[in-house]
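Trainee: Structure below; questions to follow.
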Amino acid sequence: MMQSGCAGPQSAAPAPAAPSVRSSANASSTPAEPSPEPVREGRPARPNLAFRPTRIELPGGSSAAVVPAATVNGVLSVPENVQHVGWWDGSALVGDPYGATVIAGHIDSATEGLGFFSRLLSLRTGEQVVVRGAAATDAPDATVRHAAFRITSVRTVAKDALSSDSQAFEQDGPRRLVLITCAGAYLPSRGGYQSNLVVVAEPLG
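Going by UniProt numbering, 140 is the number at position 140 of the sequence shown; the sequence numbering is gapless.
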């Protein structure tokens, strides 16, 4: 799967095919190889506590809105507004029994400057991230929910290896939070940033 929008300064048990993260017109881009549209299959009934993320809070208290991000021709379209981030709607909900909850965003934009996920560059293992959101539609109420995660790894992955080597998008492993943005050298002639920063965090409690 590719991530959209890193063209300028910016970013399974049988499971959904991993998308790529592509560049947008005015923001930085994070391409990878296109793949089929994700289809959620074989996932057991969700617990009532599962929820769609609507806000993320990073260490230090900075927070941003999280909006659904779909794929088009295998490319994950993250929000054009670099102060917002996108939850891949082919990935796990927060609280699902297994799989990665994937949230991606631009590192910066040629017109808007640094994006919210530029903060990922300063994250360290052991720090905590909090995700908030509304209960799933099959839940008995619409109570706002939250979940805390501890960062277990922060690493840079070549953009063309994002879907195949980083395991960021796998939906058959333990439940976890995966945050993605652009990183590495920015080469306009080669489509923008040449790498992705991948942050993985495990649930607390």
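Glycine included, each C-beta is placed from N, C-alpha and C at the ideal position. Remember, it's a predicted structure, so these values are computed and weren't measured experimentally.
Return the chain-ordered list of same chain residues with a C-beta closer than 7 Å to the C-beta of valine 198, the five sequence neighbours on each side being excluded.
Mentor: For valine 198, where only same-chain residues beyond five positions count, the Cβ hits under 7 Å are Arg155, Val157, Ser166, Ala168, Val178 and Ile180.
Trainee: If you run the structure through DSSP and keep just helix, strand and coil, what is serine 28?
Mentor: Residue placement at serine 28 cannot be trusted, given a pLDDT of 45 that sits under 50; what the coordinates show is reported in the next sentence. DSSP places serine 28 in strand when its eight states are reduced to three.
Trainee: Identify whether alanine 168 lies in helix, strand or coil by the three-state DSSP scheme.
Mentor: In this structure, alanine 168 counts as coil in the three-state DSSP scheme.
Trainee: What did DSSP end up calling leucine 58 once you bin it into helix, strand or coil?
Mentor: Here leucine 58 sits in coil by DSSP.
Trainee: Can you look up alanine 92 in the DSSP assignment and give me helix, strand or coil?
Mentor: In this structure, alanine 92 counts as coil in the three-state DSSP scheme.
Trainee: Output the boundary residues of the beta strand (DSSP E) element that contains threonine 181.
Mentor: 176 to 187 is the span of the beta strand (DSSP E), which, as asked, contains threonine 181.
Trainee: If you draw a straight line from the C-alpha of serine 63 to the C-alpha of arginine 55, how long is it?
Mentor: Those two C-alpha atoms are separated by around 7 Å.
Trainee: Contact defined as beta carbons within less than 8 Å: I believe isoleucine 107 pairs with serine 122. What is the distance between those atoms, to the nearest angstrom?
Mentor: Isoleucine 107 to serine 122, Cβ: 12 Å. No contact.
Trainee: If you draw a straight line from the C-alpha of arginine 176 to the C-alpha of leucine 162, how long is it?
Mentor: Their Cα atoms are separated by approximately 17 Å.
Trainee: By how many angstroms is the C-alpha of proline 97 removed from the C-alpha of leucine 49?
Mentor: Straight-line Cα distance between these residues: approximately 10 Å.
Trainee: In three-state terms, what does DSSP make of arginine 124?
Mentor: Note: arginine 124 maps to coil in three-state DSSP.
Trainee: So if DSSP puts glycine 99 in a beta bridge, which residue, or which two residues, is it bridged to?
Mentor: Answer is none; glycine 99 lacks a bridge partner.
Trainee: Considering histidine 146, what are the terminal residues of the beta strand (DSSP E) in which it resides?
Mentor: Start and end: 144 to 158.
Trainee: Report yes if the C-beta distance between glutamine 3 and valine 78 is below 8 Å; otherwise report no.
Mentor: A contact, by the Cβ cut-off of 8 Å.
Trainee: Between which two residues does the beta strand (DSSP E) holding glutamate 202 run?
Mentor: Residues 192 to 203.
Trainee: On a CA-only basis, which of Ile151, Pro174 and Trp87 is nearest arginine 132? Give me that one, please.
Mentor: The residue with the shortest Cα to Cα distance from arginine 132 is Trp87.
Trainee: What does the Cβ neighbour count give for valine 94, buried or exposed, with the cut at 16 atoms within 10 Å?
Mentor: Answer is buried; the Cβ neighbour count reaches 16.
Trainee: Nearest CA to the CA of proline 59: which residue from Gly184, Val130, Ala201 and Ser164?
Mentor: Of the candidates Gly184, Val130, Ala201 and Ser164, the one whose C-alpha sits nearest the C-alpha of proline 59 is Val130.
Trainee: DSSP puts leucine 76 in a beta bridge; with which residues?
Mentor: DSSP output for leucine 76 lists Gln3 and Thr71 as bridge partner(s).
Trainee: Using only the alpha-carbon positions, how far apart do leucine 187 and serine 195 sit?
Mentor: Rounded to the nearest angstrom, the two C-alpha atoms are 11 Å apart.
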